[in-house]
Amino acid sequence: MPSIGEKIREIRLQRGMTQSDLGEGLVSSSMISQIEADRTRPSYPLLTALANRLGMPVEYFLDDLGDKFTLQAYLRLGEYFVRRQQPARAVETLQAAPTPETPGLMRQDYLLSFAQAWRSVGNTQQATACLEELREHALRAQDQRLLFHVRKEAGRLEYDMGNLDGAMHEWRKALELGEQLAQEDPPVPVTLRADLGELCLSLYTLHAQRGEWSAAISVLQRGAELCREFPRLHDVADALVNEARSVIDHDAVRAKDAVDRALALLDGLRLAELYVALQTRLSQHGHGPEPDAWNHAARATVAAAPGPFLDAELFRVERLLQAGEIDEALRRLQRCAGILEDYAKEPDVYPRWVETYRIRIEAARAMAEYRKGEVERAVDRMLGVAEALQRQNSAREAAAALAQVMMWYTEQGREDLVEGVSQRIETLLDATTRPA
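In the UniProt record's numbering, the protein residues as written are 1 to 436.
Set out below in structure tokens:
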């Protein structure tokens with residue numbers, strides 16, 4: 001079924017009207033172009049005015065809204081589950097959605113959501129197929145916004161597959177495109193700032209892995225500049241409202257979406273604040289312990305997706321260990337473990353995601369314990385890390401953990417144990433190079 005934009009374009013061409021003719025006195029020709037390409041949805045008053053100008057009843061353009069809203073609801077559900085690290089539920093939700101067969105914005109969103117979900121469950125073949133179709137369309141239509149999202153997601157896919165050069169290429173191109181979009185679309189949408197901030201963090205990780213510290217710091221500074229206005233959730237809500245106010249006269253759909261997001265954010269904050277207020281008063285009457293307001297507030301901000309917080313804390317732990325601040329490193333690791341275990345109790349959480357962070361925390365604990373002189377405990381913990389990585393079929397990472405144990409044995413003069421660990425490493429690495 002044709003979309004609203006496709007119907008408007010078809011009738012406009014039948015009437016022999018240009019986009020400027022149709023939009024005169026209502027909106028710009030570029031806005032008509034966006035509506036016809038389904039990049040934005042006209043408000044009901046604007047759609048009524050356009051229908052009158054085209055000599056058509058407004059109902060003609062509204063016939064497909066029911067199906068579209070159903071699909072949009074499924075897409076947003078899929079996006080929610082991906083962000084909550086529940087990709088299996090995202091795949092299940094998207095598979096239940098009505099499939100948009102005709103080209104357009106809805107199919108683009110559908111394929112992009114599926115690409116993210118497939119990647120998150122480790123199905124790289126399906127994710128690649130979705131991204132290839134999207135890339136072909138973006139290049140053919142010169143759709144820079146779509147190409148930005150394709151390159152951003154393709155970089156994640158390349159990174160997950162271990163192709164760091166491919167990830168670097170895609171993310172650099174995505175950052176260039178995103179910064180161009182930011183220049184063309186003032187004010188910069190809050191969601192675009194978030195996307196660019198994530199890109200900067202991803203590029204920083206790659207540069208750091210390569211030891212390219214000048215480039216790493218540069219891209220980190222760029223990301224911090226993009227996100228410096230949002231240290232608190234209230235600031236994010238304010239930015240969304242300011243965005244809405246600046247576009248409300250020419251893009252009512254974008255304005256409404258921004259305000260809806262701001263109000264949802266405030267509703268969430270209100271409930272989190274009420275929990276602390278109510279529990280505090282109950283504790284004053286002898287019912288339960290008094291909640292730690294600051295700790296609860298911190299956990300509330302990372303509960304939806306604790307990955308970025310854990311990444312930042314583990315990076316900080318690495319620096320603390322280098323500086324010899326072992327006790328502080330262990331304290332932070334204990335906090336990381338607590339947040340992760342709280343998150344792991346939630347229904348439908350993705351087990352591999354939780355286990356990956358659990359392994360990283362355990363490896364950091366082993367490093368801290370060794371530096372504290374607790375050699376046997378550190379060795380036992382790192383051997384456990386190696387076994388956990390083997391269970392995840394991460395042979396190279398498991399070999400790296402064993403190499404750390406072998407180094408510790410050497411430092412402790414336990415040459416009698418080095419040979420056994422060395423053989424385990426060789427076995428693991430041989431398995432990775434053996435033809436399937």
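Each residue gets a CB set at the ideal place from its N, CA and C atoms; glycine is no exception.
Treat the numbers as computed from the prediction; the structure is a model and nothing was measured.
| Query | Result |
| --- | --- |
| For Gly286 and Leu340, I'd like the C-alpha separation in whole angstroms. | 30 Å |
| From which residue to which residue does the alpha helix (DSSP H) around Gln322 run? | Gly307 to Gln322 |
| So what does DSSP say about Ala436, is it helix, strand or coil? | Low per-residue confidence applies at Ala436: pLDDT is 48, beneath 50, and the placement is therefore not dependable enough to give any value. |
| Mapping the DSSP letters down to three states, classify Gln86 as helix, strand or coil. | coil |
| Along the chain, which unbroken stretches of the alpha helix (DSSP H) at least 4 residues long are found entirely within the segment 123–200? | 124–141, 144–160 and 164–184 |
| Quick one: grab the DSSP three-state call for Thr205. | helix |
| Using the Cβ count rule (16 or more neighbours within 10 Å means buried), how would you classify Val421? | buried |
| Look at Val190 and Glu243 and say whether their C-beta atoms are less than 8 Å apart. | yes |
| My understanding is that Thr87 touches Val121, with C-beta atoms under 8 Å, so please give their C-beta distance in whole angstroms. | Reading the sequence as shown, one finds Pro at residue 87 and not Thr. Between Val121 and Pro87 the Cβ distance is about 5 Å, and since that is below 8 Å, they are a contact. |
| Hey, is Gln116's beta-carbon within less than 8 Å of any beta-carbon in chain C? | As a matter of chain content, chain C is missing from the structure shown, which is built from one protein chain. |
| Taking the alpha carbon of Leu105 as the point to measure from, which residue in Leu75, Arg83 and Val91 has its own alpha carbon closest? | Leu75 |
| Tell me the start and end of each unbroken beta strand (DSSP E) in the UniProt domain "HTH cro/C1-type" (8–61) that is at least 3 residues and wholly inside, in chain order. | none |
| Apart from the five residues just before and just after Leu26, which ones in its own chain have a Cβ nearer than 6 Å to its Cβ? | Ala49 |
| Could you check how far apart the C-beta atoms of residue 439 and Glu362 are, in whole angstroms? I think they sit under 8 Å. | No answer is possible for residue 439: it lies beyond the span of the chain, which begins at 1 and ends at 436. |
| Three-state secondary structure (DSSP) at Val121? | coil |
| Let me know the secondary structure DSSP gives Phe230 once reduced to three states. | coil |
| Under three-state DSSP, which class holds Ser283? | helix |
| Arg335 to Glu136, Cα distance in whole Å? | 45 Å |
| Drop a sphere of 10 angstroms on the beta-carbon of Gln34, count the other beta-carbons inside from all chains shown, and report buried for 16 or more, exposed for fewer. | buried |
| What number of angstroms, rounded off, separates the C-alpha of Trp213 from the C-alpha of Arg9? | 51 Å |
| At what residues does the alpha helix (DSSP H) containing Ala395 begin and finish? | Ala395 to Glu411 |
| So is Ala73 buried or exposed if we call it buried at 16+ other beta carbons inside 10 Å? | exposed |
| How is the alpha helix (DSSP H) around Pro351 delimited, first residue to last? | Pro351 to Arg371 |
| Taking only three categories from DSSP, how would you classify Glu101? | coil |
| From Tyr370 to Tyr357, what does the alpha carbon distance come to, in whole angstroms? | 20 Å |
| Where do the ends of the alpha helix (DSSP H) carrying Gly338 lie? | Ile326 to Ala344 |
| Is it buried or exposed for Lys345, if we count other Cβ within 10 angstroms and need 16 for buried? | exposed |
| Helix, strand or coil for Gln392? Go by DSSP, reduced to three states. | coil |
| I need the DSSP call for Arg414, collapsed to helix, strand or coil. | coil |
| Between the segment 122–129 and the segment 78–85, can you find at least three pairs of beta-carbon atoms closer than 8 Å? | no |
| Which residues in the same chain as Arg360 place their Cβ atom closer than 7 Å to its Cβ, once the five residues preceding and following it in sequence are excluded? | Leu314 |
| How do the segment 263–277 and the segment 198–215 stand: do at least 3 beta-carbon pairs fall below 8 Å, yes or no? | no |
| Ignore the nearest five residues each way along the sequence and tell me which others in Ala364's own chain have a CB closer than 8 Å to its CB. | Leu314, Val317, Glu318, Leu321, Ala329 and Leu333 |
| When DSSP labels each residue in this structure, what does Gly420 get in the three-state scheme? | helix |
| Which residues in the same chain as Asp416 place their Cβ atom closer than 8 Å to its Cβ, once the five residues preceding and following it in sequence are excluded? | none |
| Taking the C-alpha atoms as reference points, what is the distance between Ser3 and Asp38? | 8 Å |
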